[in-house]
DNA sequence: TTACCATAAATTGTCTGAGTTATATGAATT
DNA sequence: AATTCATATAACTCAGACAATTTATGGTAA
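Put into structure tokens, the structure is as follows:
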């Protein structure tokens, strides 16, 4: 009895942040252990009974957590074999949860560079599409986000959210459902950029004019200008993180572009 | 007793394809109903007891299925409210399962166009990156895939797999973990292209030389040529599907590029 | 020795029924 | 009108049993 209660209390304490259910917290904990490399691809997790015993939770809760991880490509479980960590190539790297678990701790330099690389590929094109397809509401959302960035300080929670919302509205305005589903990835990078900048490299320059330029181009239905302005914006954001940490001039593919 | 057995037998029959477990088949069935629009965003699924009763499965299996769907952003469940279908913007459109469920039936024209739009954005850049970073093994994998496309007929299962593997190897060679995780999306599109072509528009031209051009550029470490060749390849693939179905000349963002 | 087949063992998978917790709703209170 | 509180409802968690599946093992025949 008492042991049951204490276990429940402990789990509850963990769960209190973000109103996650028990299976959610277990999934998150295991997920972080996997993406951070504590459990490596090929490793076999403890059997259901052992694992749930150790975590002091029921098999039900543990199993549902494993289902979540499996749904995100992190593990695969088979009878008589167990639940094994999948090779990284099978992970759903752009899954919002996987991304947030990756960014739970200071992420790998290479991974961060890769994320910015993808952003530099997709976001400028998304901005160009937005210039052609944006609705008035989406344009308004961008404007509101810009105001939010202006009224709040950049490092504040509200400022960061406004920045995220600007990029999110841009992706929405692209009118492409698959591009929209990259929002979480962009958001994670934006969020991390702000946090990192605040910690290591505060206030290098005012980013609002750079955002403004993208907005103006989209408003003017000028895809070419929107593309250029957004590329510039993402490159500046990257400068605030990757290069300031490791000044290696990596080969890029932008040289292949006109 | 007998009802239990018949239910188990039925479930088993459904599960036999692809060695899915019961919770997996339920997740797939519900997932298809959602992405196909039979259940709409905002709809509340039947409660656990009702739903599991109807499907003749235990609440355990049903709940695990719901966990899978929730992990992919399709539904969200809360006490006292129920499990409701999430708005499409929250769906993980690039999740391999979600994609395969979308392509289970003939997909929406717009969605297919969107997928090709993303491919045209990402794959050429991936090819350019591959030209800079490819390892010998990855180059070898591309060559093997080309051979596979040559020896087998394009419409055959083996031919389709070879085509997919070519694109997959290209994304791997980009050296970007996030780009690699787009493999399933590309694969789905490639697979659908072949199937569609075979059904509606057989053998318009030999696609192997077009693939060869990309390969040669990557081998020669020429990112610019790789970019161009891959863009051409994807555009040809799109011609075999979207345009042949609905010849509406959609606005594109390529005009914004140099 | 090798190949094949039946059997056993280990692990996930499924089922049932009970009790718990969170939350929307509406009533009572200030 | 706003706030607090009770209640009903759904998901959530638990425990223990049994089933299904896959791998490993050992024995038998060629």
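Protein chains in written order, with our numbering: chain A, 215 to 472; chain B, 215 to 472.
Where is the CB? At the ideal position from N, CA and C, for every residue including glycine.
All values derive from a computational prediction rather than experimental measurement.
Residue i and residue j closer than 7 Å at C-beta
i: residue 383 (chain B); j: residue 356 (chain B); result: yes
i: residue 333 (chain A); j: residue 389 (chain A); result: no
i: residue 312 (chain B); j: residue 303 (chain A); result: no
i: residue 342 (chain B); j: residue 255 (chain B); result: no
i: residue 432 (chain B); j: residue 447 (chain B); result: no
i: residue 290 (chain B); j: residue 273 (chain B); result: no
i: residue 248 (chain B); j: residue 308 (chain B); result: no
i: residue 298 (chain B); j: residue 352 (chain B); result: no
i: residue 337 (chain B); j: residue 335 (chain A); result: no
i: residue 392 (chain A); j: residue 329 (chain B); result: yes
i: residue 404 (chain B); j: residue 377 (chain B); result: yes
i: residue 275 (chain B); j: residue 236 (chain B); result: yes
i: residue 245 (chain B); j: residue 315 (chain B); result: yes
i: residue 451 (chain A); j: residue 407 (chain A); result: yes
i: residue 366 (chain A); j: residue 359 (chain A); result: no
Secondary structure of residue i, DSSP reduced to three states
i: residue 349 (chain A); result: coil
i: residue 374 (chain A); result: helix
i: residue 234 (chain A); result: coil
i: residue 291 (chain B); result: strand
i: residue 224 (chain B); result: The pLDDT assigned to residue 224 (chain B) is 45, lower than 50, so where the model puts this residue is not dependable, and the model offers no usable value.
i: residue 461 (chain A); result: The predicted position of residue 461 (chain A) is uncertain, since its pLDDT is 47 and thus under 50; a value taken from the coordinates is nonetheless stated next. Coil, per DSSP.
Where the alpha helix (DSSP H) containing residue i begins and where it ends
i: residue 297 (chain B); result: Note, residue 297 (chain B): premise wrong, no alpha helix (DSSP H); beta strand (DSSP E) at 296-299.
i: residue 432 (chain A); result: 422-433
i: residue 273 (chain A); result: 273-285
i: residue 315 (chain B); result: 310-316
i: residue 452 (chain B); result: 437-452
i: residue 262 (chain A); result: 262-269
i: residue 411 (chain B); result: 397-414
i: residue 319 (chain A); result: Residue 319 (chain A) -> no alpha helix (DSSP H), and no H or E assigned at all.
i: residue 180 (chain B); result: Residue 180 (chain B) is absent from the structure shown; chain B starts at 215 and stops at 472.
Any C-beta of chain A under 7 Å from that of residue i
i: residue 375 (chain B); result: no
i: residue 395 (chain B); result: yes
i: residue 234 (chain B); result: no
i: residue 286 (chain B); result: yes
i: residue 445 (chain B); result: no
i: residue 355 (chain B); result: no
i: residue 464 (chain B); result: Residue placement at residue 464 (chain B) is poorly supported in this model, since its pLDDT is 48, which falls under 50; the coordinates are not used for a value here.
i: residue 303 (chain B); result: yes
i: residue 413 (chain B); result: no
i: residue 308 (chain B); result: yes
i: residue 335 (chain B); result: yes
i: residue 450 (chain B); result: no
i: residue 379 (chain B); result: no
i: residue 332 (chain B); result: yes
i: residue 273 (chain B); result: no
Whole-number beta carbon distance between residue j and residue i, since they are thought to touch under 8 Å
i: residue 279 (chain A); j: residue 285 (chain B); result: Between residue 285 (chain B) and residue 279 (chain A) the Cβ distance is about 10 Å, and since that is not below 8 Å, they are no contact.
i: residue 282 (chain B); j: residue 281 (chain A); result: 6 Å
i: residue 344 (chain A); j: residue 440 (chain A); result: 7 Å
i: residue 260 (chain A); j: residue 268 (chain A); result: 7 Å
Any C-beta of chain B under 7 Å from that of residue i
i: residue 329 (chain A); result: yes
i: residue 392 (chain A); result: yes
i: residue 217 (chain A); result: For residue 217 (chain A), the predicted structure reports a pLDDT of 38, less than 50, and the residue's modelled location is therefore unreliable. The matter cannot be settled from this model.
i: residue 263 (chain A); result: no
i: residue 242 (chain A); result: no
Proximity test, residue i beta-carbon vs the ligand HEM heavy atom, cut-off 6 Å
i: residue 379 (chain B); result: This structure does not include the ligand HEM; it has no bound ligands of any sort.
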